[in-house]
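Residue numbers (the working numbering): 34 to 473.
For every residue, glycine included, the Cβ atom is placed at its ideal position computed from N, Cα and C.
It should be emphasised that the depicted structure is a prediction, and the values quoted were computed from it without experimental measurement.
Here is the structure we will look at, set down as structure tokens.
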Amino acid sequence: MNSPARFPTDFVWGASTAAYQVEGATTEDGRGPSVWDTFCAVPGNVLDGDNGDQAADHYHRYNDDLDLIADLGLGSYRFSIAWPRIQPTGSGKANQKGLDFYRRLVDGLVERGIQPMATLFHWDLPQALQDRGGWENRDTAERFAEYAEICFDALEIRDWLTINEPKTVVDCGYREGQHAPGFKDDARAFVACHHLLLAHGLASRVLHERHAGRRIGPALNLHPTYPADDTPEALEAARHQDGLENRLYLDPIFKGSYPEDTLRWISERGPMADHILDGDLAVINEPIDMLGVQYYTPIFVDAKGERVFLHERTQAEWLEVYPEGFHDILMRVQRDYPGVPMIITENGLPTEDVPGPDGRVRDERRITFLRDHLAAMHRAMEEGARVEGYHVWSLLDNFEWAQGYSQRFGIVYVDYSTQKRTPKDSALWYRDVVKSGELR
Ligand code: GBH
Numbered sequence: 034m035n036s037p038a039r040f041p042t043d044f045v046w047g048a049s050t051a052a053y054q055v056e057g058a059t060t061e062d063g064r065g066p067s068v069w070d071t072f073c074a075v076p077g078n079v080l081d082g083d084n085g086d087q088a089a090d091h092y093h094r095y096n097d098d099l100d101l102i103a104d105l106g107l108g109s110y111r112f113s114i115a116w117p118r119i120q121p122t123g124s125g126k127a128n129q130k131g132l133d134f135y136r137r138l139v140d141g142l143v144e145r146g147i148q149p150m151a152t153l154f155h156w157d158l159p160q161a162l163q164d165r166g167g168w169e170n171r172d173t174a175e176r177f178a179e180y181a182e183i184c185f186d187a188l189e190i191r192d193w194l195t196i197n198e199p200k201t202v203v204d205c206g207y208r209e210g211q212h213a214p215g216f217k218d219d220a221r222a223f224v225a226c227h228h229l230l231l232a233h234g235l236a237s238r239v240l241h242e243r244h245a246g247r248r249i250g251p252a253l254n255l256h257p258t259y260p261a262d263d264t265p266e267a268l269e270a271a272r273h274q275d276g277l278e279n280r281l282y283l284d285p286i287f288k289g290s291y292p293e294d295t296l297r298w299i300s301e302r303g304p305m306a307d308h309i310l311d312g313d314l315a316v317i318n319e320p321i322d323m324l325g326v327q328y329y330t331p332i333f334v335d336a337k338g339e340r341v342f343l344h345e346r347t348q349a350e351w352l353e354v355y356p357e358g359f360h361d362i363l364m365r366v367q368r369d370y371p372g373v374p375m376i377i378t379e380n381g382l383p384t385e386d387v388p389g390p391d392g393r394v395r396d397e398r399r400i401t402f403l404r405d406h407l408a409a410m411h412r413a414m415e416e417g418a419r420v421e422g423y424h425v426w427s428l429l430d431n432f433e434w435a436q437g438y439s440q441r442f443g444i445v446y447v448d449y450s451t452q453k454r455t456p457k458d459s460a461l462w463y464r465d466v467v468k469s470g471e472l473r
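Structure below.
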């Protein structure tokens, strides 16, 4: 009892960010506008009218941030590449200054002995592509593969992630409208879904054709779904929810087919099926080399299929604290979709941090959350889940999409008036875990 959980010596510890959430400098060095610039400009879309114009100013402060990552002893930094920096209008020749920024970032990581992990798309679609239909237009998937090829050839990075959370683009961007491009239309949402998955497959093929020895995979936010009571209706609702949350993305990628029940439900709401052309599923089924798993919250549903919250809540209304769900989803993926290693690409929570008079940020709640989730992950690993690494969301406090700057997910506090960084207590705690390789 109570022996510390030890992680394998080659376990990779890291932290994640995303371009629009941390970089700022949205008009510098030739960056074109993205759908998030457009979305933020509409009053009412983002809390307090916030936007990513400055964010955490990572575009200018990346060197200090790299020192911070090194000081924490991390072995991996997951960041995203802003497509509109590379192709300001979403197609055609590369913008050299945009590529140079990521070259400097990667060089800085390598010099410090930190592995770069790059996400190609973390939601900042070039606005020019949105003007031509965005993800509803099949051509966007082709453009994505072209953009990916530019990045693969220009940047010396082994590990790549294609699309960050296609499910969130579908649900928040196209079904519920709280993210760019802000639609509320199921019919359009699932057409976009197919093209996002197609984009993932096309880009993965390009990498495999051009760069042996590198690895690629999607970054999926997976939600273990549970019935909130033991009625057959709740059980059925949980299975349906699992289709929309997990199988809709995992099945085509791992098995080359959409889940029948989910596709039937979608087909009652729109024309997704008409957009699945011969050969598409084989493209989406391109073998992946690793699976990025992001875990935040379980989803419990009642007999009516409504989400109910049964555990501790957080400042993020969608996030209930349930470490057991992390264990469950890892075991489930290992059982139903075996074959590739999993890398945890995001896990975390927002806390209402205020620096004390001494400047210290005492985010005890984050320490508890991280400890409990790492313990659950460790238990899954002992039971056979192949997990190679873990990235906390996030390195820095940042632009939390529709919630603007009101929710802080960082292990490092950012004072947005001075851009001063202060590692929170959780960062110091994490540093010890990383250094010792064990949870005490
Ligand atoms: C991840 O999404 C993202 O990859 C990351 O960029 C993000 O910062 C992080 O999690 C924390 O949220 O505010 O009412 O519009 C996790 C899934 C989907 C959860 C969008 C919040 C929006 C709720 N997220 N959802 S709302």
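Which complete beta strand (DSSP E) runs does the region 145-213 hold, if anything under 3 residues is left out?
148-154 and 192-197, all fully within the region 145-213.
Taking DSSP's pairing of strands, which residues face TRP69 in a bridge?
Among the bridge pairs identified by DSSP, TRP69 is matched with none.
Is MET34 buried or exposed, if buried means 16 or more other CB atoms sit within 10 Å of its CB?
Note on MET34: pLDDT 48, under 50, position unreliable in the model; no value is reported.
Among ILE102, ALA48 and LEU153, the one whose alpha carbon lies nearest that of GLY141:
Nearest C-alpha to GLY141: ILE102.
Within its chain, find whatever has a CB closer than 7 Å to the CB of GLN367; leave out the 5 residues flanking it on each side and keep chain order.
Cβ-Cβ distances below 7 Å link GLN367 to GLY417, ALA418 and ARG419 in the same chain, with the five nearest sequence neighbours on each side left out; the list follows chain order.
Can you round the beta-carbon distance between GLN452 and GLU379 to whole angstroms, since I take them to be within the 8 Å contact cut?
That belief does not hold up - the Cβ atoms of GLN452 and GLU379 are roughly 23 Å apart, past 8 Å.
Who are the Cβ neighbours of ASP458 in its own chain at under 6 Å, not counting the five residues just before and after it?
Correct list, in chain order: ARG395 and ASP396.
Indicate, with yes or no, if the ligand GBH has a heavy atom lying under 7 Å from the CB of GLN327.
The answer is yes for GLN327.
In this structure, what does DSSP give as the bridge partners for PRO456?
Its beta-bridge partners are VAL445.
Heavy atom of the ligand GBH within 7 Å of THR201 beta-carbon
True, at least one ligand heavy atom lies under 7 Å from that Cβ.
Is the beta carbon of ASN254 within less than 7 Å of some heavy atom of the ligand GBH?
Within the cutoff, so yes.
Look at the alpha carbon of ILE309 and the alpha carbon of MET410, and state the distance between them as a whole number of angstroms.
Their backbone Cα atoms lie some 36 Å apart in a straight line.
Sorry if obvious, but does the Cβ on ALA151 come closer than 7 Å to a heavy atom of the ligand GBH?
Not so, every heavy atom of the ligand GBH lies at least 7 Å from the Cβ.
GLY470: which of GLY108, LEU99, ASP81 and GLN54 sits nearest, CA to CA?
Comparing Cα positions, the closest option is GLY108.
Using the three-state DSSP reduction, which class does GLU345 fall into: helix, strand or coil?
Under the three-state reduction of DSSP, GLU345 is assigned to coil, being neither helix nor strand.
Separation of ALA261 from LEU382, as counted between CA atoms
Near 23 Å, if we compare the C-alpha coordinates of ALA261 and LEU382.
Would you check whether the ligand GBH has a heavy atom nearer than 7 Å to the C-beta of PHE442?
PHE442 Cβ: within cutoff of the ligand GBH.
Check whether THR173 and LEU188 have beta carbons under 8 Å apart
No, the Cβ-Cβ distance between THR173 and LEU188 is not below 8 Å.
Determine the burial state of THR42: buried for a count of at least 16 other Cβ atoms within 10 Å of its Cβ, exposed for fewer.
A residue is called buried once 16 or more other Cβ atoms fall within 10 Å of its Cβ, and THR42, having fewer, is exposed.
Using three-state DSSP, classify VAL366 as helix, strand or coil.
DSSP places VAL366 in helix when its eight states are reduced to three.
Can you say whether ALA178 is buried or exposed, counting buried as having 16 or more other CB atoms within 10 angstroms of its CB?
Result: buried.
List the DSSP bridge partners of GLU379.
Under DSSP, GLU379 forms a beta bridge with GLN327.
Which of helix, strand or coil does DSSP assign to THR258?
If DSSP states are grouped into helix, strand and coil, THR258 belongs with the strands.
By a C-beta neighbour count over all protein chains shown, 10 Å radius and 16 as the cutoff for buried, is VAL143 buried or exposed?
It counts as exposed.
Beta-bridge pairing of GLY422 - partner residues as DSSP gives them
Paired residue(s): VAL45 and ILE376.
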